[in-house]
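For reference, the structure discussed in these notes is given below.
Numbering (our numbering), first residue to last: 18 to 416.
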């Protein structure tokens with residue numbers, strides 16, 4: 018065997034993951050068939066614990082669901098994170114392992130994330146047994162990424178980041194071929210907030226709008242003018258986007274209603290602009306509504322910050338991808354307006370996230386959060402190896 022410990026450990030990681038590849042695929046299929054919504058991932062937690070505890074990991078189960086696992090006793094701490102929750106989406110595939118839970122599906126690939134991290138845990142456990150780790154590793158099997166506030170903040174409150182020097186994660190990307198990985202220095206995802214505006218007034222007859230607050234008209238003005246005004250009050254480079262998902266007012270064509278609601282999301286590419294956005298939204302909404310004599314209640318819920326890949330961590334991932342998969346495997350990931358609560362971890366600890374290709378080359382391109390999502394299962398072993406190798410690479414960088 019070569020004397021370089023990184024070469025030794027890399028060869029070992031590849032061998033262990035090859036050995037367990039079929040088991041990891043089976044685990045992913047089991048998770049896919051039995052998806053669990055945010056904060057209810059108890060069965061998933063049990064399956065994970067049962068697989069990694071025999072490999073030497075010290076497992077701490079969290080309140081509600083999820084777990085943290087530690088390996089090693091001395092040196093810097095490298096953390097690896099996988100989210101475990103499914104979505105309230107109907108699985109419309111005909112795969113033998115399709116969801117058995119009506120209206121719930123792993124439509125964002127968290128089953129892949131979980132199986133990949135289990136694979137990395139098995140490989141790192143073997144490396145530890147052979148004395149090839151010179152640092153500590155912590156695994157974060159996180160619940161509730163799909164809700165706001167999400168499970169990342171819950172883990173942080175429980176101390177999961179205490180002592181962590183660097184953290185890595187991956188996310189499925191069904192627009193990237195399996196065997197390729199998307200990387201991006203700096204912002205990878207956007208901030209994502211929830212916004213709800215409720216208007217109330219006296220209501221009245223549509224023949225006499227001047228005798229009441231024309232709530233439906235004012236609600237329409239909020240819907241169209243808030244995005245427009247924000248685009249002129251905020252730096253356009255911040256990439257602010259307001260998109261509505263709910264618009265509700267009235268029940269009869271000749272009645273001005275006394276209440277109405279519009280709700281949606283605010284997404285912002287820039288962390289500084291994210292901090293300034295909430296008070297500005299409140300100011301604009303009240304300014305739009307004021308001429309109509311109505312009352313506006315603005316419920317602005319800050320969701321997640323952008324995922325901002327730190328330079329050293331991003332380069333560790335890039336060198337890992339090139340070493341494991343070849344120079345051709347690294348592709349540039351576009352910045353996404355999607356939200357990802359891994360951003361909370363990166364506010365506290367240097368780290369980076371990679372986009373794991375899950376599309377079969379030449380096959381269809383699926384979309385996340387859709388019930389027809391399919392992934393090329395070769396991505397599971399690839400993701401497992403990349404996570405394990407990234408941890409090993411960070412140990413060499415940080416020692």
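By construction, the Cβ of each residue, glycine as well, lies at the ideal position given by its N, Cα and C atoms.
Which listed residue (the options) has its alpha carbon closest to that of residue i
{"i": "residue 83", "options": "177, 340, 322 and 288", "result": "177"}
{"i": "residue 25", "options": "394, 145 and 297", "result": "145"}
{"i": "residue 410", "options": "43, 97, 191 and 40", "result": "97"}
{"i": "residue 61", "options": "49, 405 and 70", "result": "49"}
{"i": "residue 127", "options": "190, 69 and 175", "result": "190"}
{"i": "residue 140", "options": "167, 104 and 35", "result": "35"}
{"i": "residue 299", "options": "220, 334, 156 and 317", "result": "317"}
{"i": "residue 241", "options": "302, 211 and 226", "result": "302"}
{"i": "residue 67", "options": "130, 136, 124 and 348", "result": "136"}
{"i": "residue 129", "options": "406, 382 and 376", "result": "376"}
{"i": "residue 110", "options": "405, 400, 387 and 407", "result": "387"}
{"i": "residue 406", "options": "76, 142 and 114", "result": "142"}
{"i": "residue 263", "options": "236, 249, 193 and 269", "result": "236"}
{"i": "residue 282", "options": "258, 265 and 275", "result": "258"}
{"i": "residue 16", "options": "401, 382 and 353", "result": "Not covered by the structure: residue 16. The range shown for the chain is 18 to 416."}
{"i": "residue 320", "options": "348, 357, 350 and 352", "result": "357"}
{"i": "residue 359", "options": "348, 384 and 327", "result": "327"}
Residue i vs residue j beta-carbon contact at 8 Å
{"i": "residue 73", "j": "residue 54", "result": "no"}
{"i": "residue 341", "j": "residue 390", "result": "no"}
{"i": "residue 232", "j": "residue 243", "result": "no"}
{"i": "residue 213", "j": "residue 280", "result": "yes"}
{"i": "residue 63", "j": "residue 159", "result": "no"}
{"i": "residue 325", "j": "residue 288", "result": "yes"}
{"i": "residue 197", "j": "residue 335", "result": "no"}
{"i": "residue 94", "j": "residue 153", "result": "yes"}
{"i": "residue 69", "j": "residue 57", "result": "no"}
{"i": "residue 238", "j": "residue 305", "result": "yes"}
{"i": "residue 322", "j": "residue 361", "result": "yes"}
{"i": "residue 367", "j": "residue 329", "result": "yes"}
Cα-Cα separation, residue i to residue j
{"i": "residue 355", "j": "residue 260", "result": "12 Å"}
{"i": "residue 47", "j": "residue 332", "result": "34 Å"}
{"i": "residue 108", "j": "residue 284", "result": "27 Å"}
{"i": "residue 418", "j": "residue 277", "result": "The first residue shown for the chain is 18 and the last is 416, placing residue 418 beyond what the model contains."}
{"i": "residue 132", "j": "residue 416", "result": "28 Å"}
{"i": "residue 29", "j": "residue 151", "result": "15 Å"}
{"i": "residue 393", "j": "residue 311", "result": "53 Å"}
{"i": "residue 21", "j": "residue 91", "result": "Summary for residue 21: the model assigns pLDDT 46, below 50, so the residue's position carries little reliability, and this model does not support an answer."}
{"i": "residue 363", "j": "residue 51", "result": "30 Å"}
{"i": "residue 396", "j": "residue 183", "result": "24 Å"}
{"i": "residue 295", "j": "residue 251", "result": "12 Å"}
{"i": "residue 187", "j": "residue 373", "result": "6 Å"}
{"i": "residue 297", "j": "residue 247", "result": "8 Å"}
{"i": "residue 19", "j": "residue 369", "result": "Note that residue 19 has pLDDT 37, beneath the 50 cutoff, so the model's placement of it is unreliable and the number below is only indicative. Between residue 19 and residue 369, the C-alpha separation is close to 30 Å."}
{"i": "residue 344", "j": "residue 337", "result": "10 Å"}
{"i": "residue 165", "j": "residue 209", "result": "9 Å"}
{"i": "residue 134", "j": "residue 157", "result": "9 Å"}
{"i": "residue 37", "j": "residue 75", "result": "21 Å"}
{"i": "residue 202", "j": "residue 339", "result": "16 Å"}
{"i": "residue 293", "j": "residue 117", "result": "44 Å"}
{"i": "residue 412", "j": "residue 119", "result": "43 Å"}
{"i": "residue 228", "j": "residue 270", "result": "17 Å"}
{"i": "residue 112", "j": "residue 106", "result": "16 Å"}
{"i": "residue 162", "j": "residue 265", "result": "28 Å"}
{"i": "residue 27", "j": "residue 398", "result": "14 Å"}
{"i": "residue 352", "j": "residue 147", "result": "40 Å"}
{"i": "residue 41", "j": "residue 401", "result": "9 Å"}
{"i": "residue 31", "j": "residue 170", "result": "33 Å"}
Element boundaries [alpha helix (DSSP H), containing residue i]
{"i": "residue 394", "result": "Element bounds for residue 394: n/a, residue is neither H nor E."}
{"i": "residue 331", "result": "328–342"}
{"i": "residue 242", "result": "232–250"}
{"i": "residue 169", "result": "168–174"}
{"i": "residue 62", "result": "59–69"}
{"i": "residue 136", "result": "127–146"}
Residues that DSSP places opposite residue i in a beta bridge
{"i": "residue 368", "result": "184"}
{"i": "residue 96", "result": "155 and 184"}
{"i": "residue 317", "result": "212"}
{"i": "residue 35", "result": "Note: residue 35 sits in no beta bridge, so no partner."}
{"i": "residue 293", "result": "None, per the DSSP bridge assignment."}
{"i": "residue 265", "result": "278"}
{"i": "residue 224", "result": "Beta-bridge pairing links residue 224 to no other residue."}
{"i": "residue 253", "result": "Residue 253 pairs with nothing; no bridge assigned."}
{"i": "residue 17", "result": "No answer is possible for residue 17: it lies beyond the span of the chain, which begins at 18 and ends at 416."}
{"i": "residue 217", "result": "276 and 312"}
{"i": "residue 300", "result": "Answer by DSSP bridge pairing: none, since residue 300 is not bridged."}
First and last residue of the uninterrupted beta strand (DSSP E) at residue i
{"i": "residue 106", "result": "It is not in any beta strand (DSSP E) - residue 106 carries neither H nor E in the DSSP assignment."}
{"i": "residue 269", "result": "Neither: residue 269 is in no beta strand (DSSP E) and is coded neither H nor E."}
{"i": "residue 279", "result": "276–285"}
{"i": "residue 357", "result": "Run containing residue 357: none; DSSP gives neither H nor E here."}
{"i": "residue 121", "result": "Careful: residue 121 lies outside any beta strand (DSSP E) and carries neither H nor E."}
{"i": "residue 88", "result": "84–88"}
Distance cut-off 7 Å: residue i Cβ against heavy atoms of the ligand ZN
{"i": "residue 265", "result": "For the structure depicted, the ligand ZN is absent and the ligand set is empty, with no information on it obtainable."}
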